[in-house]
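The structure appears below as structure tokens.
2 protein chains.
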Amino acid sequence: MNPDTLRGHMDALLLSVVEREPLHGYAIIEALRERSDGALDVPTGTVYPALRRLERAGYLAGEWAVAGGRKRRTYRLTDSGRAALTGERSAWKSFTTAIGSVLDPSGGRSPSG
Amino acid sequence: MNPDTLRGHMDALLLSVVEREPLHGYAIIEALRERSDGALDVPTGTVYPALRRLERAGYLAGEWAVAGGRKRRTYRLTDSGRAALTGERSAWKSFTTAIGSVLDPSGGRSPSG
DNA sequence: GTCTATATGTAGACTCCCTATTTATTGAGG
DNA sequence: CCTCAATAAATAGGGAGTCTACATATAGAC
Chain S
4 MNPDTLRGHM DALLLSVVER EPLHGYAIIE ALRERSDGAL DVPTGTVYPA
54 LRRLERAGYL AGEWAVAGGR KRRTYRLTDS GRAALTGERS AWKSFTTAIG
104 SVLDPSGGRS PSG
Chain E
4 MNPDTLRGHM DALLLSVVER EPLHGYAIIE ALRERSDGAL DVPTGTVYPA
54 LRRLERAGYL AGEWAVAGGR KRRTYRLTDS GRAALTGERS AWKSFTTAIG
104 SVLDPSGGRS PSG
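In order, the protein sequence lines correspond to chains S and E.
The numbering of the first sequence is the working numbering, which starts it at 4 and goes up by one.
The numbering of the second sequence is the working numbering, which starts it at 4 and goes up by one.
Listed below in structure tokens is the structure:
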């Protein structure tokens with residue numbers, strides 16, 4: 004997977020993966036890998052700064068915890084983050100529709116257009 | 004459309020739009036807009052450098068022409084570019100599958116997994 | 001004592017997309 | 001003649017976010 008393709012979609016991925024239950028960074032990376040069947044292997048240098056950014060934006064709420072002697076920062080989706088995720092899902096749909104319509108080998112626009 | 008989402012997908016868009024017939028930069032921008040029903044309005048500062056980059060990479064062959072007193076640089080898809088486009092289409096499919104599987108509100112992996 | 005897995009974080013490089021601007025021609029309208 | 005809009009190409013500089021590489025630390029296996 005070309006690194007740059009992910010750009011602009013990290014927020015959606017991170018918000019989505021903590022939707023059901025709060026997770027810490029390391030677990031988020033694993034969840035991303037599992038949910039995508041190995042396709043998404045996002046490095047720590049991408050995830051940790053992105054989580055901080057989303058926390059600053061108010062979309063995630065982070066909290067320190069200790070489990071098995073190891074410190075963890077667990078991130079929970081805020082109400083604001085949940086609204087943002089809804090927007091991201093909508094934007095994703097528009098995005099894939101737009102790119103898909105151009106990449107479609109048949110070369111046409113919408114059938115009813 | 005958030006500008007950053009396009010990042011890493013410009014090559015696929017540009018190669019795809021000149022697949023049928025050679026086009027010049029200005030026409031490429033219009034084709035992108037038409038094919039996507041207005042969703043993709045890519046600025047000249049993005050397209051012209053990208054076309055040069057793809058030409059340097061050997062995926063496009065540019066040639067100067069004059070039509071109605073105006074100079075145009077028309078770009079044609081090379082064999083190498085056609086192969087690259089096939090790869091881009093495949094990558095696009097993997098990409099949407101991966102992101103989609105994470106963004107899917109049901110939160111599951113593949114149904115048979 | 002070494003290795004692996006777990007867990008978080010930063011510095012700096014790098015890509016490349018966007019904004020803003022420049023240059024030039026054609027044709028319409030006044 | 002002048003202005004405006006559409007057509008056509010290009011560059012400089014800014015900027016945001018992802019990646020590579022590295023640093024730090026604990027726990028458990030061997």
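Glycine included, C-beta positions come from ideal geometry on N, C-alpha and C.
Using DSSP bridges, identify the partner residues of residue i.
| i | result |
| --- | --- |
| E/K74 | E/V69 |
| S/R79 | S/A64 |
| E/H27 | E/T77 |
Find the nearest neighbour of residue i within the set the options, judged by alpha-carbon distance.
| i | options | result |
| --- | --- | --- |
| S/A15 | S/S104, S/G41 and S/R85 | S/R85 |
| S/M13 | S/R38, S/L54 and S/G103 | S/L54 |
| S/A94 | E/P25, E/L26 and E/A42 | E/A42 |
| E/L63 | E/P52, E/S83, E/V50 and E/T47 | E/S83 |
| S/G103 | E/V20, E/P6 and E/N5 | E/V20 |
| S/T8 | S/E37, S/D107 and S/F98 | S/F98 |
| S/P52 | S/M4, S/I32, S/R36 and S/D40 | S/I32 |
| S/G48 | S/A34, S/Y29 and S/R59 | S/Y29 |
| S/E58 | S/M4, S/K96, S/L18 and S/D40 | S/L18 |
| E/M4 | E/R92, E/A60, E/T100 and E/D44 | E/D44 |
| E/L106 | S/A87, S/H27, S/A60 and S/A101 | S/A87 |
| S/E22 | S/G11, S/S109, S/R92 and S/A101 | S/R92 |
| E/G61 | E/R73, E/T81 and E/D40 | E/T81 |
Would you say residue i faces chain E, with C-beta separation under 7 Å as the test?
| i | result |
| --- | --- |
| S/V105 | yes |
| S/D7 | yes |
State yes or no: is the beta carbon of residue i nearer than 7 Å to at least one beta carbon in chain S?
| i | result |
| --- | --- |
| E/S115 | For E/S115, the predicted structure reports a pLDDT of 49, less than 50, and the residue's modelled location is therefore unreliable. A value from the coordinates is still provided. No, E/S115 lies away from the interface with chain S (no Cβ there is under 7 Å from its Cβ). |
| E/S109 | no |
Under the criterion of a Cβ to heavy atom distance below 6 Å, does residue i qualify as lining the ligand GTP?
| i | result |
| --- | --- |
| S/G71 | Looking at this structure, you won't find the ligand GTP or any other ligand, since it has none at all. |
For the 8 Å Cβ check, are there 3 or more pairs between the stretch 58-69 of chain S and the stretch 77-84 of chain S? yes
According to a CB-to-CB cut-off of less than 8 Å, which residues of the stretch 41-66 of chain E neighbour chain S? A42 and L43
Using a Cβ-Cβ cut-off of less than 9 Å, list which residues of the stretch 68-83 of chain E approach chain S; keep chain order. none
Beta carbons nearer than 8 Å to chain E: which residues of the stretch 86-100 of chain S have them? E91, R92, A94, W95, S97, F98, T99 and T100
For the stretch 9-35 of chain S, which residues have a CB atom closer than 8 Å to at least one CB atom of chain E, in sequence order? L9, R10, G11, H12, A15, L16, S19, V20, E22, R23 and L35
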